[in-house]
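>
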Amino acid sequence: MKVAYAQMEPLLLEPEKNYSRAEKLVKEAAEKGARLVVLPELFDAGYSFESKEEVENVAGQIPDGPTTEFLIELARNLDVFIVAGTAEKDEKGRLYNSAVIVGPTGWGYMGKYRKVHLFYREKLFFQPGDLGFHVFNIGAAKVGVMICFDWFFPESARTLALKGAEIIAHPSNLVMPYAPRAMPIRALENRVYTITANRIGEERGLRFIGKSTIASPKAEVLAMGSEDREEVGVVEIDLSLAREKRINEMNDVFKDRRPEHYFI
Ligand code: ACM
Numbered sequence: 036m037k038v039a040y041a042q043m044e045p046l047l048l049e050p051e052k053n054y055s056r057a058e059k060l061v062k063e064a065a066e067k068g069a070r071l072v073v074l075p076e077l078f079d080a081g082y083s084f085e086s087k088e089e090v091e092n093v094a095g096q097i098p099d100g101p102t103t104e105f106l107i108e109l110a111r112n113l114d115v116f117i118v119a120g121t122a123e124k125d126e127k128g129r130l131y132n133s134a135v136i137v138g139p140t141g142w143g144y145m146g147k148y149r150k151v152h153l154f155y156r157e158k159l160f161f162q163p164g165d166l167g168f169h170v171f172n173i174g175a176a177k178v179g180v181m182i183c184f185d186w187f188f189p190e191s192a193r194t195l196a197l198k199g200a201e202i203i204a205h206p207s208n209l210v211m212p213y214a215p216r217a218m219p220i221r222a223l224e225n226r227v228y229t230i231t232a233n234r235i236g237e238e239r240g241l242r243f244i245g246k247s248t249i250a251s252p253k254a255e256v257l258a259m260g261s262e263d264r265e266e267v268g269v270v271e272i273d274l275s276l277a278r279e280k281r282i283n284e285m286n287d288v289f290k291d292r293r294p295e296h297y298f299i
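Structure (structure tokens):
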């Protein structure tokens, strides 16, 4: 199975333009054979908001909003699964930093995730996620979803892996330099593949680091993006590696856990 990140530069408060940019990249990934494509956090809205009103103007309901509708159609036309970060406004007007997962014909809208660990000024605009961590079965693989700063809390990836994720899709807007080094370790300690789709560019003085990363259960970096270009990274993955939690004849990273000794 081939999987991809689509590293892009979302334009602040310009969803229509961002749909076009995303469409071009997802198409390129699909043409290169990707079955699963991950877009960045808030790919539709941009990131550096100054007020709640700004977010409200670009946020939509999930699934009955323009971004989810755009993604459903794109996935159907290109015959791919897509995980993408989006600004969500629920029926009561509450805002969430969310991600949706959609699939080809017969799959459509599959579900959403609301970011659990909000980073810095996100706390001014968004409600903390209230849906927990979820794993979605796309047939060929089980895909867990977390968003950007969730990586800083190893519990996020661990929870997804314990729930059966073989791939962790990780839409991001990274500003700190650490995640490209840390995500291979998240992949290793959980024996999963990770796909971090980051953004590039600068918004209102905030610079994003690019370096989207696909990591293997052996902590290998299978693909890494540049710091400053929109591009896709497409790699073939071997899911049997993610299904094997034994690391030798006597150790199994899940069965050897000793939760009774952990402080939770
Ligand atoms: C982040 O969570 N967007 C840094």
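In the working numbering, the protein residues as written are 36 to 299. C-beta atoms are modelled at their ideal positions from N, C-alpha and C, and glycine is treated no differently. Predicted, not measured: the structure shown is a model, and the values here were computed from it.
1) Rounding to the nearest angstrom, what Cα-Cα distance links GLU237 and ALA175 in this structure?
2) May I ask whether a heavy atom of the ligand ACM can be found less than 7 angstroms away from the beta carbon of GLU76?
3) Could you tell me the distance, in whole angstroms, from the CA atom of VAL115 to the CA atom of THR194?
4) Excluding the 5 residues flanking PHE154 on each side, which residues of the same chain have their C-beta closer than 6 angstroms to its C-beta?
5) Quick one: grab the DSSP three-state call for ALA250.
6) Using only the alpha-carbon positions, how far apart do ALA200 and MET181 sit?
7) Spatial neighbours of ALA204 within its chain, please: C-beta separation below 6 angstroms, excluding the five flanking residues on both sides.
8) Kindly examine the ligand ACM and report whether one of its heavy atoms sits closer than 7 angstroms to the Cβ of SER83.
9) Could you check whether the Cβ of ASN208 sits closer than 7 angstroms to any heavy atom belonging to the ligand ACM?
10) Could you tell me the distance, in whole angstroms, from the CA atom of VAL269 to the CA atom of ILE202?
11) Between the Cα of ALA214 and those of SER83, ALA196 and VAL256, spot the shortest distance and give me the residue it belongs to.
12) Evaluate contact between the segment 41 to 59 and the segment 269 to 278, counting only Cβ atoms and requiring at least three cross-stretch pairs below 8 angstroms.
13) Taking only three categories from DSSP, how would you classify ASN172?
14) For my contact list, ILE107 and GLY143 are in at a C-beta cut-off of 8 angstroms; report their separation, rounded to the angstrom.
15) So what's VAL340 in DSSP terms, helix, strand or just coil?
16) If we ignore side chains and look at the alpha-carbon of each, how far apart do LYS246 and VAL93 end up?
17) For HIS296, does the three-state DSSP call read helix, strand or coil?
18) Skipping 5 residues on each side, what residues in its chain have a beta carbon closer than 6 angstroms to that of GLY68?
19) So, at 6 angstroms on beta carbons, what are the nonlocal neighbours of SER86 in its own chain, with the 5 sequence-adjacent residues on each side left out?
20) Given the structure, does PHE171 come close to the ligand ACM, in the sense that its CB is under 7 angstroms from one of the ligand's heavy atoms?
A quick look at the data gives this:
1) 36 angstroms
2) yes
3) 26 angstroms
4) PHE184
5) strand
6) 11 angstroms
7) VAL73, VAL118, VAL178, VAL180 and ILE230
8) no
9) yes
10) 14 angstroms
11) VAL256
12) no
13) strand
14) 5 angstroms
15) There is simply no residue 340 to check, as the chain begins at 36 and stops at 299 in what is shown.
16) 26 angstroms
17) helix
18) LYS37
19) none
20) no
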